[in-house]
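Chemist: For the sequence shown, this note's numbering begins at 4 and goes up steadily by one. A virtual CB, placed ideally from N, CA and C, is assigned to each residue, including glycine.
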Amino acid sequence: MKLNVYCKSRGHSCTLPIKIARIMKLTGVLLLAACLQVSAASYSQKITLSEKNASLEKVFRKIMKQSDFMFLYNNEQLQKTKNVSVEARGASIESVLNQCFNGQPVTYAIFEKTVVVKPLSGDVNSEPLPPVKIAGKVVDETNLGLPGVSIALKGTSVSAITDANGNFTITVPEENVTNGTLVFSFLGYQRQEIPVSGRTAINIKLTPESQALTEVVVVGYGTQKRGDVSQAITSVNVEKMKDVPVTNLSQALQGRVPGLVSIPNSYRPGSGSSIRIRGNRSLTATNEPLYVVDGIPITYSIDDINPLDIESVDVLKDAAATAIYGSRGANGVIQVTTKKGKAGKISIDYNGNTSVENILREVEVYNGPEFAQFRRDAYIGSGVYSPTLNASNLRYFPDPAADYATFTSTDDALWNNVKQGYNIIKIDLTSNPKVFQVEMRPTTAEERALLQRLGYPVLTEVAVYDPSRLTTFDWGKAALQQGLTQNHNLSLTGGSDKFRSSFGGGYFHQKGIDPGQGYTRYSVSNNNNFRPADFINIGSNLNYSSAIQNQGPDVYSAALGNFPLANPYDAAGNLLFNPGGDALVVNPLNDPNTVFNEFRLNRLLANVFAQVNIVKGLSYRAALGVDLNDVRQGVFNGAISSVRQGNPASASYNTTNGFTWTLQNQLSYNLTLAAKHDISATVVQELRKERAEGTSVSAQNLTYESQKWYSLQNNTGGIVPTGTFRQTQLASHLGRINYSYDSKYIFTAALRHDASSVLSPENSSQLFPSASVAWRMSQEGFIKSLSFISDLKLRAGFGAVGNSGIQPYLTAGVLNSTPVYYNFGGTNALGYSPSSLPLPNLTWEKTVTRNAGADFALLAGRISGSVDVYESNTNSIQSKALPAASGYSRITVNLGKVRNRGVEVGLSTVNIDRTAAKKGGFKWVTDFAFSRNKEAIVALNADGATADLGNQWFVGQPIRNYYDFKSQGIFQYSDTLSGGILKDYYWKKNPANKAASSSFQPGRIRVEDVNGDSIINDNDKVNLGSGNPNWTGSINSTFSFRGFDLSAYVYISQGALLRDPRPGLVGRYPGMKVNYWTPTNPSNEYQQPNRGSDIPLYWQALTFRDASFVRVRSILLAYHVPSTLLNKIRMNSMTVSLNALNPFLFSKYKRYDPETVPYTSTYPSSSTANPAATSFSYRSFVLGLRMGI
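1) State the DSSP-derived secondary structure class of K1151, mapped to helix, strand or coil.
2) Does the beta-carbon distance from D633 to L604 come in below 9 Å?
3) How would you write the range of the beta strand (DSSP E) that Q455 sits in, first residue to last?
4) Apply the 10 Å Cβ neighbour rule to A569 and answer buried if 16 or more other Cβ atoms are within range, or exposed otherwise.
5) Roughly how many angstroms separate the alpha carbons of K28 and K121, rounded to a whole number?
6) Taking the C-alpha atoms as reference points, what is the distance between D1156 and V366?
7) Which word fits G169, buried or exposed, when buried means at least 16 other C-beta atoms lie within 10 angstroms of its C-beta?
8) Assign E449 to buried or exposed, taking buried as 16 or more other Cβ atoms, counted over all protein chains shown, within 10 Å of its Cβ.
9) Report the start-end ranges of each alpha helix (DSSP H) in the segment 1011-1054 that is 4 residues or longer and not cut off at the edges.
10) What did DSSP end up calling F74 once you bin it into helix, strand or coil?
11) From the DSSP output, in three-state form, read off T325 for me.
12) Of the choices A94, E783, R755, I722, whose alpha-carbon is the least far from that of G744?
13) Beta-carbon within less than 7 Å of R271's beta-carbon, same chain only, minus the 5 sequence neighbours each way: which residues are those?
14) For chain D, is any of its Cβ atoms less than 9 Å away from the one on E1158?
15) Per the contact definition of three or more C-beta pairs closer than 8 Å, is the segment 740-754 in contact with the segment 769-777?
16) For R1133, is the classification buried or exposed, using 16 other Cβ atoms within 10 angstroms of its Cβ as the cut-off for buried?
17) Considering only the alpha carbon of each residue, which of S655, D967, K679 lies closest to N704?
18) By the DSSP assignment, the alpha helix (DSSP H) with L1129 in it spans what residues?
19) Helix, strand or coil: how does DSSP classify N179 here?
20) What are the partner residues of W664, as DSSP defines its beta bridges?
21) Shortest alpha-carbon distance to S1056 belongs to which of E1158, I551, E60, T1035?
22) With a threshold of 6 Å on Cβ separation, who are the neighbours of T663 within its own chain once the five nearest residues in sequence on each side are excluded?
23) What number of angstroms, rounded off, separates the C-alpha of D871 from the C-alpha of G230?
24) How is Q1090 classed by DSSP in three states: helix, strand or coil?
25) In angstroms, rounded to a whole number, what distance separates the CA positions of D500 and I617?
26) On the DSSP bridge assignment, give the partners of N878 in chain order.
27) Considering just the uninterrupted stretch of the beta strand (DSSP E) at G521, what are its terminal residues?
28) Mind listing, in chain order, the continuous beta strand (DSSP E) runs of no fewer than 3 residues lying wholly within the segment 751-800?
29) Assuming R1094 and S385 make a contact with CB atoms under 8 Å, what is their CB distance in whole Å?
30) Should K679 be listed as close to the ligand FAD, given that the test is whether its C-beta is under 8 Å from any heavy atom?
31) Buried or exposed: G726, going by 16 or more other Cβ atoms within 10 Å of its Cβ?
32) Need the endpoints of the beta strand (DSSP E) that L604 sits in, please.
33) Assuming N529 and F502 make a contact with CB atoms under 8 Å, what is their CB distance in whole Å?
34) Could you tell me which whole alpha helix (DSSP H) segments of length 4 or greater appear in the segment 542-594?
35) Given R1116, which residues of its chain have a CB within under 6 Å of its CB, disregarding the five upstream and five downstream residues?
36) Does M67 come out as helix, strand or coil in the three-state DSSP assignment?
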């Protein structure tokens, strides 16, 4: 007798041992009893058959081809059966089997997905059966054996555990051979249940929980299945994010989330970015989102965390999602989960890369001959209008005498270079007058006409001059170096079903492209999870980083202002102090050794938690988190630096220490009723306390430069100490309830109460409610019939959130830190004066948000994404000017309203997928993100004012707004007007213009007379645009084939405006090269240089530029070493990659990288402030290696 098992995966029968067959004969009675507990209706697979006079064995094979069922029987039983005819179309398995076994001497029973054939009668051999031993192996997702996996026979005390290689044996009692179920469980992996079904060998692969992470969204104080989420929450693809090596998280998020804009604070090594989620809301308080790490809100920067220690990032965008964080959720919430330990034997992973960096855009500056002509043109420009004309500006063509007056200096470096352009016959500087005899040439008729038009003496001959003989020193090249970055990270993880742990260590070092700038970070992380019993879970998360950031001087920026005609070195190769002889132009190449701005940062994020499952569905969780931040800054400026410019050295030393602790107590309850009603409730009590203090000591006129800031007492200018202190508390209570009916209709509501110490007791408390609903239309019958729709969910939400990001002592009034002496009867008494009025009525900024959205998946998931539309309205806080008689300049009040409206789209597509047909087949996937936000001030105050000129705020305009004159280019000679030349016209139209007569001449800036009154004043200023982009988007395409991945990531920002750095056109200093106006070059871009004035009227009008750009953020080529080779070298994984970061930038604005020019709303017309780029972006070429052991 043989016992046969038909398995769909094999397609043929398998003979089991005779002993097992005997056991199966004796299990009939037990199977019959078990059948009473099996619901046949639970098997919903449909069978279609049409067989005439077929054997049962043939029918069994047909059924297995259409379903997941397998059959267990012995040959002797089937030999006694007769052939059958079966007709079924879309029938259940039970219906088909009933036809097959009708009138047969045998019957059947169904266990899970196994059909067991058994005798019709209960007459079975009653000989005792021995237990059955099952052997097998459990492997992980990489096919490596998993040690410590728990195997239990369901409903019994029988259990086993895998050995170091994942192998196991377990003895199953006779009564469980056919109907028993083995349960495989391991911490960090999904539990699996496998029916015994008479088998003696079972091999399975466990799926790690991290693979299911993408199906779980981290929300406030818990998680939810993605299908049950009714709020606007976007999960970041962390693996793709890590494909772009960056210093910190804020940089990595750029373009990854619709509605999130990441703007670099600078490109200095170690610098982060400013994050805005759905626009700016506050006029004066912070607009940065709240960061939550491992469930604990943090106080200080997220950028101290090593990005490679992060496992998941979820961005909460609407108030329905963020209201659970109350007064801290107004600007959105970014939930960060760090890496956790994985159960199994210890695995070691290395992730490292090395990159070289070079500047992306070099600023174009004048070379030597161009600068010489530029300075001449500046003298010409002042000569036309200056009341006192001299030899320097009474000429148009190069002249040695005029050049000597123009370029001579203390070291004559400029003059000695310029004079090389002349054919010198004799120059005697010792005689009186000086002799300048050079070769001359006759002037042309055109040149004489030009001199006449300029009002200069008409010359018949001028000097022969060849500018190509002048030499140029490339200061920009000398100021830059090749950047180099090293990034190495090692992680270890392992554990069992009772304990799992992970440990990570990282080293990051970046040498900047600007000498004197760099960043070094050491990071350590450790996460532990201990489950001493099934109902207790204890864990800890720790992340520590120590960093040194050398912000140093901006050598490159300073170098652009040095003379290309001068060399920075003397004949002996030593750096000069001020090459070119100008006292105000200092050699910046000295700065890397004389200017230091060093930050030492130590950051500890840690939390411990314990969770107890009290009864089924009810759990209690307590957590304590700390955020410790220690920053020490040393600043030193040497005497010969570009900062001190020959004055004695100065230095300062600043310390800031911050400590925040957060205590959370949380009760959670989950209940399922009638298999369709899912209810969960969460109640949290949270207490947060922050304490921060700082000290600063500065000194002038240091006597010992070598000690930098370490010996500030050695000075002749005195020490100035200052101190700061801040302490705040926040007490919160919150609750949330989630309800889902049949996974179709979803409702979530939350309410949070916050009490903050930064506000007066009368206004310190506030309630923040939220509610959201969702309808999973794809679960409805009328949608299920549409095969192209895989998933479709509609969402709508409402919520109120707050912003208490204001100074903590505004409501009580603050005393001046500097003491005041009062005179009482001739005696001075020490006292303090208030620096601000108490504001007991100041209350929360409050934002109310409405959101509607849809999540969808089409064509079996090949197209998936989400769409959201939203509106948020914020009752803001602003600073209001006070009358001088009050004794105070400004007061902070609850005035103003800001509105944001927008749309967001996220889309993922699988364009081509040939992996199912062939391992390593071609695959092409694309991710798109698009967001558009319109930000506007709705109201400024209760009086209905439409403008606050001091802050550049206007009703109907964004907060980041530009308000200025509108440029019409440059006045030209061809701009003739009735009434005479330009200045006569403007004088006659309005005598008030006479004071600005030089502004209405050819070569000067022309702005639009908006109101047509012929007076150019502030009434002609208009709103020109915003520093905010109209829309942003990103595209990430990945091509995979035979272990190779090629991906390109493009980020797009469109519609923003920037203020271009003002070019100095006074002629004294070099600078960025521009197309300026001259009588022979009628440019319409920049005005004529003028040696007498660097600040012509209306110069701001020329500075506005379109900041739109398209940036290729990354081009990655990676190769994944195949498992066949890895097995030979005993490795789990290995990936080698080449990455070009920031290789291409496309924009109309060509001078700097548009992202590096800071937003500044106003520049007074008399100001020499220059909104230059704070740093310069760079491109990187990265070689990376990832491997697991």
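Modeler: In brief:
1) coil
2) yes
3) Unbroken run through Q455 is the alpha helix (DSSP H), 448-457; no beta strand (DSSP E).
4) buried
5) Summary for K28: the model assigns pLDDT 39, below 50, so the residue's position carries little reliability; its value from the coordinates is reported in the next sentence. Answer to the nearest angstrom: the Cα atoms are 8 Å apart.
6) It is roughly 10 Å from the alpha-carbon of D1156 to the alpha-carbon of V366.
7) G169 should be labelled buried.
8) exposed
9) Runs found: none.
10) strand
11) helix
12) The sequence shown places Tyr at residue 744, not Gly. Y744 has its Cα closest to that of E783, out of A94, E783, R755, I722.
13) G515, Q520, Q554, S1178
14) In summary, chain D is missing from the structure at hand, where a single protein chain is found.
15) Yes, since at least three Cβ pairs between the segment 769-777 and the segment 740-754 fall closer than 8 Å, the two stretches touch.
16) Exposed.
17) S655
18) 1126-1131
19) Of the three classes helix, strand and coil, the one that applies to N179 here is helix, per DSSP.
20) Among the bridge pairs identified by DSSP, W664 is matched with V629, K692.
21) Of E1158, I551, E60, T1035, the residue nearest in Cα terms is T1035.
22) T302, D630, E693
23) 16 Å
24) coil
25) 20 Å
26) K849, K900
27) For G521, the enclosing beta strand (DSSP E) stretches over residues 521-536.
28) 768-779
29) 4 Å
30) The ligand FAD is not part of this structure, which contains no ligands at all.
31) G726 is exposed by the Cβ-count criterion.
32) Unbroken beta strand (DSSP E) run through L604: 598-618.
33) 13 Å between Cβ atoms; not a contact.
34) 558-562
35) Y1052, Y1054
36) helix
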